Structure formats: C-alpha cells, structure tokens
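For the sequence shown, the UniProt record's numbering begins at 1 and goes up steadily by one.
Idealized CB from N, CA, C, for every residue including glycine.
Just so you know, these numbers come straight off a predicted model, no measurement behind them.
Before any comments, here is the structure.
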Amino acid sequence: MPAFNPQTAPSRWALLLVDVQHDFVDGSLAVPGADRLQGPLSQLLSSSHFSQICATRDMHPADHISFASTHAGHEAFEELDVPHPARGSVRQKLWPDHCVAGTRGAELLGVVKQGMQEAEQRGVECVEVHKGTDRQVDSYSGFVTAQDVLFSPLAAALFGAHVTRVLIAGVATDFCVRATVLDACRFGLRPLVVLEACAGVEEAGTQRAVRELSEAGAEVVQSVEEALEKVQRDLQRA
1 MPAFNPQTAP
11 SRWALLLVDV
21 QHDFVDGSLA
31 VPGADRLQGP
41 LSQLLSSSHF
51 SQICATRDMH
61 PADHISFAST
71 HAGHEAFEEL
81 DVPHPARGSV
91 RQKLWPDHCV
101 AGTRGAELLG
111 VVKQGMQEAE
121 QRGVECVEVH
131 KGTDRQVDSY
141 SGFVTAQDVL
151 FSPLAAALFG
161 AHVTRVLIAG
171 VATDFCVRAT
181 VLDACRFGLR
191 PLVVLEACAG
201 VEEAGTQRAV
211 RELSEAGAEV
221 VQSVEEALEK
231 VQRDLQRA
C-alpha cells in the first residue's frame with residue numbers, strides 16, 4: 001500500500017486545538033484575551049466540516065524543567081541554560097507552575113470538553129495529545145518535544161485518519177500555537193490559523209509569530225466565519 005501523502009490525497013480536515021486549558025485561561029499562567037475564546041471555539045467545535053478533532057494538553061510533572069520553582073534562586077519569565085538529554089544544554093524560558101498533571105489547571109476548558117463530547121456523538125473521532133510529560137524536556141509543539149527529541153502521537157493520529165489539512169486555534173499564539181503550526185507545515189498539513197480563536201502572551205511577539213507562520217506557508221485568517229468558509233470551499237472542490 002502506498003504511503004499516505006497529505007498533499008495529494010483528497011481533502012479531509014481536522015480541527016486542532018492547542019492547550020485550551022484552565023491554567024492558560026483563568027489560572028496560574030492566564031494568557032491575555034484567552035477568556036474571550038469560548039464563543040469562537042464553540043463555533044469551531046460545532047462545525048460539521050471536520051473529520052477529526054484533536055486537542056493538545058500540557059501535562060507536566062510537579063518538578064518540570066520549565067518551572068521557575070524547580071530552579072532555586074530564579075524567577076518566572078527569566079531565561080536559563082538547562083540540561084538537555086540530546087543537546088547538552090538549551091536556553092529555557094522559566095514559567096510559573098502550570099498544567100500540573102492531576103490539577104484543575106491541566107484540564108481542558110469546559111467548552112472544549114463539551115464540544116468534543118458532542119462531536120463524538122456525531123461520529124467525529126476526537127483525540128487528546130499530552131505534551132510536556134517528561135520532566136527533563138519542555139514541549140511547545142503538539143507534534144514534537146523541544147529540539148525534536150521525541151514525537152508525540154499527534155502526526156500518527158492525523159495521518160491515520162487521512163487528514164490532509166488542519167485548522168489550528170488555541171493558546172498561546174506566540175508560543176505553543178506558533179510551534180505547532182510550524183511543525184504542521186513541516187508535516188505537509190497546510191495549516192489554517194484563525195486568530196479570532198487564538199490568544200497570545202505578548203502583542204509584539206504575537207505579531208512576529210503571525211508573520212513567521214505566514215512566511216512558513218500557513219494560511220492565517222482573522223475570523224472563524226472566514227476560516228470555515230475556506231474549509232467548506234476546499235471540501236467542495238475535493
């Protein structure tokens with residue numbers, strides 16, 4: 001059987017939601033504007049255009065390498081050289097403790113949980129992908145850990161469902177959304193990013209990220225309505 005190629009196969013879309021978790025919305029590392037995403041996310045989740053819905057979740061151990069509390073004498077938002085199992089050391093931005101496994105902060109937002117449950121009832125395959133589970137390595141991308149040490153199950157899930165394109169939304173635009181979109185480009189999934197359903201940590205960094213994503217080959221639109229119209233037109237051409 002020939003290998004699946006998302007660039008030549010008939011169009012089949014997945015919705016990929018990045019880290020829509022309580023700690024990034026109303027918790028210890030709340031992203032500005034993330035509290036306004038429930039409406040746009042609900043609109044995306046209720047769409048009939050997607051064959052699969054994937055949601056990534058940060059799922060950290062309590063002593064994760066990215067936590068400032070792990071490094072005595074250092075504060076959140078500092079940068080520090082930390083040991084890395086493959087690279088010797090890497091520059092790591094330190095964060096407040098967040099998305100610790102087993103805590104409310106690591107849970108998906110209720111609108112996402114409900115939307116995925118309702119989608120499953122419609123026969124849509126829904127997949128959760130946990131990242132940042134290794135205490136020694138941070139992971140912004142939903143596809144791979146930092147410095148490409150390990151691959152997550154995300155690409156296998158998408159290709160196993162014969163997904164050819166992904167619509168990506170979530171938080172934070174300038175960190176985990178950025179990294180996930182860039183890797184989706186690397187995997188040939190021609191991502192479509194909808195800014196109305198994203199929120200970024202810092203305005204200048206978010207603007208830089210959006211430019212970088214466009215230059216990498218991602219399609220970036222402002223509104224959910226425009227994004228869904230593009231998906232519908234693409235499916236009609238298939």
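In the structure shown, residue 202 adopts coil according to DSSP, grouped into three states. For residue 84, the beta-bridge partners assigned by DSSP are 88.
Close CB contacts of residue 96 within its chain, under the 6 Å cut and outside five residues either way in sequence, are with 28, 29, 76 (chain order).
Here residue 55 carries a strand assignment [DSSP, helix/strand/coil]. Judged by beta-carbon spacing, residue 164 lies within the 9 Å limit of residue 11, meaning their Cβ atoms are closer than that value. Under the three-state reduction of DSSP output, residue 71 falls in the coil class, being neither helix nor strand.
If you draw a 10 Å sphere on the C-beta of residue 104, you find fewer than 16 other C-beta atoms in it, and that means exposed. Secondary structure of residue 195 (DSSP, three-state): strand. Setting aside the 5 residues that flank it on each side, residue 60 is surrounded in the same chain by 99, 100, 132, each with a C-beta closer than 6 Å to its C-beta; the list follows chain order. Shown here for residue 188: same chain residues with a beta carbon closer than 7 Å to its own, the five before and five after excluded, namely 6, 7 in chain order. Residue burial is scored here from C-beta neighbours: residue 114 has fewer than 16 other C-beta atoms within 10 angstroms and is therefore classed as exposed. As the crow flies, the alpha-carbon of residue 123 is around 11 Å from that of residue 116.
For residue 220, the enclosing beta strand (DSSP E) begins and ends at 219 to 221. Where residue 186 is concerned, the enclosing alpha helix (DSSP H) starts and stops at 178 to 186. The residue among 50, 64, 194 with its C-alpha nearest the C-alpha of residue 213 is 194. Residue 149 and residue 85 do touch by the CB rule: their CB atoms are close to 6 Å apart, below 8 Å.
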